[in-house]
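Asker: 4 is the number of the first residue of the sequence shown in this note's numbering; add one for each residue after it. Ideal Cβ positions, reconstructed from N, Cα and C, are used throughout, including at glycine. Values in this document were obtained by computation on a predicted structure and should not be read as measured data.
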Amino acid sequence: MAMRLEARGRPVTGAYLYILRCSDSSYYVGTTRADLEVRVAQHNAGLFGGYTATRRPVALIFSQHFESITDAIETERQVKGWTRAKKEALIRGDWDRLKLLARRGRPHPSRRAASPRSSG
(Lines of atoms letter the chains of each structure in order from A and count residues from 1; the text may use other names and numbers.)
(Lines give C-alpha, C1' and ligand atoms only; values in the text may rest on other atoms or scores of the structure.)
Protein backbone atom coordinates (compact mmCIF):
# COMPACT_ATOMS: atom_id res chain seq x y z
CA MET A 1 0.00 0.00 0.00
CA ALA A 2 1.38 3.40 -0.96
CA MET A 3 1.98 5.85 1.85
CA ARG A 4 1.52 9.60 1.67
CA LEU A 5 2.99 12.25 3.93
CA GLU A 6 0.93 14.64 6.03
CA ALA A 7 1.93 18.28 6.28
CA ARG A 8 4.15 17.46 9.25
CA GLY A 9 5.95 14.66 7.43
CA ARG A 10 4.21 11.74 9.17
CA PRO A 11 3.33 8.77 6.99
CA VAL A 12 -0.38 8.37 6.39
CA THR A 13 -2.32 5.39 5.19
CA GLY A 14 -6.03 4.88 5.36
CA ALA A 15 -8.46 7.70 6.04
CA TYR A 16 -10.11 9.78 8.73
CA LEU A 17 -13.69 10.13 9.85
CA TYR A 18 -14.15 13.66 11.16
CA ILE A 19 -16.88 15.77 12.73
CA LEU A 20 -17.00 19.54 12.37
CA ARG A 21 -19.06 21.95 14.48
CA CYS A 22 -20.53 24.56 12.16
CA SER A 23 -21.27 28.21 12.96
CA ASP A 24 -24.97 27.37 13.47
CA SER A 25 -23.97 24.67 16.03
CA SER A 26 -24.91 21.85 13.66
CA TYR A 27 -22.52 18.98 12.97
CA TYR A 28 -20.97 17.92 9.69
CA VAL A 29 -19.64 14.36 9.38
CA GLY A 30 -17.12 13.59 6.65
CA THR A 31 -14.20 11.42 5.60
CA THR A 32 -10.86 12.31 4.08
CA ARG A 33 -7.51 10.86 3.13
CA ALA A 34 -5.99 14.33 3.40
CA ASP A 35 -4.35 15.98 6.39
CA LEU A 36 -7.14 17.03 8.76
CA GLU A 37 -5.89 20.61 9.20
CA VAL A 38 -5.82 21.03 5.43
CA ARG A 39 -9.33 19.59 5.13
CA VAL A 40 -10.74 21.94 7.79
CA ALA A 41 -9.03 24.89 6.07
CA GLN A 42 -10.65 23.83 2.78
CA HIS A 43 -14.08 23.79 4.45
CA ASN A 44 -13.45 27.22 6.01
CA ALA A 45 -12.30 28.62 2.65
CA GLY A 46 -15.60 27.55 1.10
CA LEU A 47 -13.95 25.18 -1.37
CA PHE A 48 -16.78 22.67 -0.97
CA GLY A 49 -20.14 23.89 -2.21
CA GLY A 50 -22.14 21.63 0.07
CA TYR A 51 -23.38 21.77 3.64
CA THR A 52 -20.50 23.68 5.24
CA ALA A 53 -20.32 26.41 2.58
CA THR A 54 -23.07 28.45 4.26
CA ARG A 55 -22.20 27.42 7.83
CA ARG A 56 -18.68 28.79 8.19
CA PRO A 57 -16.53 28.96 10.16
CA VAL A 58 -16.28 25.31 11.12
CA ALA A 59 -14.14 23.69 13.81
CA LEU A 60 -12.79 20.15 14.02
CA ILE A 61 -14.19 18.53 17.16
CA PHE A 62 -13.67 14.80 16.53
CA SER A 63 -11.56 12.55 14.33
CA GLN A 64 -10.84 8.85 14.12
CA HIS A 65 -8.30 7.13 11.88
CA PHE A 66 -9.21 4.02 9.88
CA GLU A 67 -6.83 1.75 8.02
CA SER A 68 -9.09 1.72 4.96
CA ILE A 69 -11.15 4.42 3.28
CA THR A 70 -13.95 1.86 2.96
CA ASP A 71 -14.16 1.48 6.74
CA ALA A 72 -14.12 5.26 7.21
CA ILE A 73 -16.93 5.75 4.67
CA GLU A 74 -19.00 2.95 6.19
CA THR A 75 -18.69 4.55 9.63
CA GLU A 76 -19.46 8.00 8.18
CA ARG A 77 -22.74 6.71 6.76
CA GLN A 78 -23.62 5.16 10.10
CA VAL A 79 -22.79 8.28 12.15
CA LYS A 80 -24.67 10.58 9.74
CA GLY A 81 -27.83 8.65 10.63
CA TRP A 82 -27.37 9.14 14.38
CA THR A 83 -29.22 11.61 16.56
CA ARG A 84 -27.45 14.71 17.83
CA ALA A 85 -27.29 13.17 21.33
CA LYS A 86 -25.58 10.06 20.00
CA LYS A 87 -23.06 12.12 17.99
CA GLU A 88 -22.30 14.19 21.09
CA ALA A 89 -21.70 11.03 23.15
CA LEU A 90 -19.21 9.88 20.48
CA ILE A 91 -17.50 13.28 20.48
CA ARG A 92 -17.13 13.18 24.29
CA GLY A 93 -16.00 9.54 24.25
CA ASP A 94 -18.92 8.69 26.55
CA TRP A 95 -19.19 5.02 25.62
CA ASP A 96 -21.75 4.19 28.33
CA ARG A 97 -24.11 6.90 27.05
CA LEU A 98 -23.49 5.82 23.46
CA LYS A 99 -24.49 2.25 24.32
CA LEU A 100 -27.60 3.48 26.13
CA LEU A 101 -28.63 5.65 23.19
CA ALA A 102 -28.05 2.76 20.80
CA ARG A 103 -30.51 0.63 22.78
CA ARG A 104 -33.18 3.33 22.90
CA GLY A 105 -33.91 3.13 19.19
CA ARG A 106 -36.61 1.10 17.57
CA PRO A 107 -36.14 -2.64 17.88
CA HIS A 108 -34.96 -4.56 14.85
CA PRO A 109 -37.94 -5.91 12.85
CA SER A 110 -37.00 -9.49 13.74
CA ARG A 111 -37.29 -8.62 17.45
CA ARG A 112 -40.64 -6.84 17.30
CA ALA A 113 -43.65 -8.64 18.68
CA ALA A 114 -45.99 -9.88 16.02
CA SER A 115 -48.81 -7.42 15.60
CA PRO A 116 -52.30 -8.85 16.03
CA ARG A 117 -54.11 -9.21 12.76
CA SER A 118 -57.69 -8.16 12.58
CA SER A 119 -60.08 -10.74 11.30
CA GLY A 120 -61.98 -9.56 8.39
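Measure from the alpha carbon of residue 58 to the alpha carbon of each residue in 33, 32, 37, 27, then state which is nearest.
Answerer: As a working mapping, residue 58 is identified with position 55 in the sequence shown. Minimum Cα distance to residue 58 is reached at 27.
Asker: Please classify residue 51 as buried or exposed, where buried requires at least 16 neighbouring CB atoms within 10 angstroms.
Answerer: Numbered from 1 along the sequence shown, position 48 holds the residue referred to as residue 51. Burial call: exposed.
Asker: Measure the CB-CB distance between residue 93 and residue 103 and report whether it falls below 8 Å.
Answerer: As a working note, residue 93 is residue 90 in the sequence shown. As a working note, residue 103 is residue 100 in the sequence shown. No, they are not a contact pair.
Asker: Take residue 3 and list the residues in its own chain whose beta-carbon comes closer than 8 Å to its own, dropping the five residues that flank it on each side.
Answerer: Any question about residue 3 goes unanswered here, given that the chain covers just 4 to 123.
Asker: I'd like the span of the beta strand (DSSP E) that includes residue 62, first residue to last.
Answerer: Working through the sequence shown from its first residue, we reach residue 62 at position 59. Start and end: 62–69.
Asker: Do the CB positions of residue 72 and residue 107 come within less than 8 Å of each other?
Answerer: By 1-based counting over the sequence shown, the position of residue 72 is 69. By 1-based counting over the sequence shown, the position of residue 107 is 104. Taking 8 Å as the Cβ cut-off, residue 72 and residue 107 do not qualify as a contacting pair.
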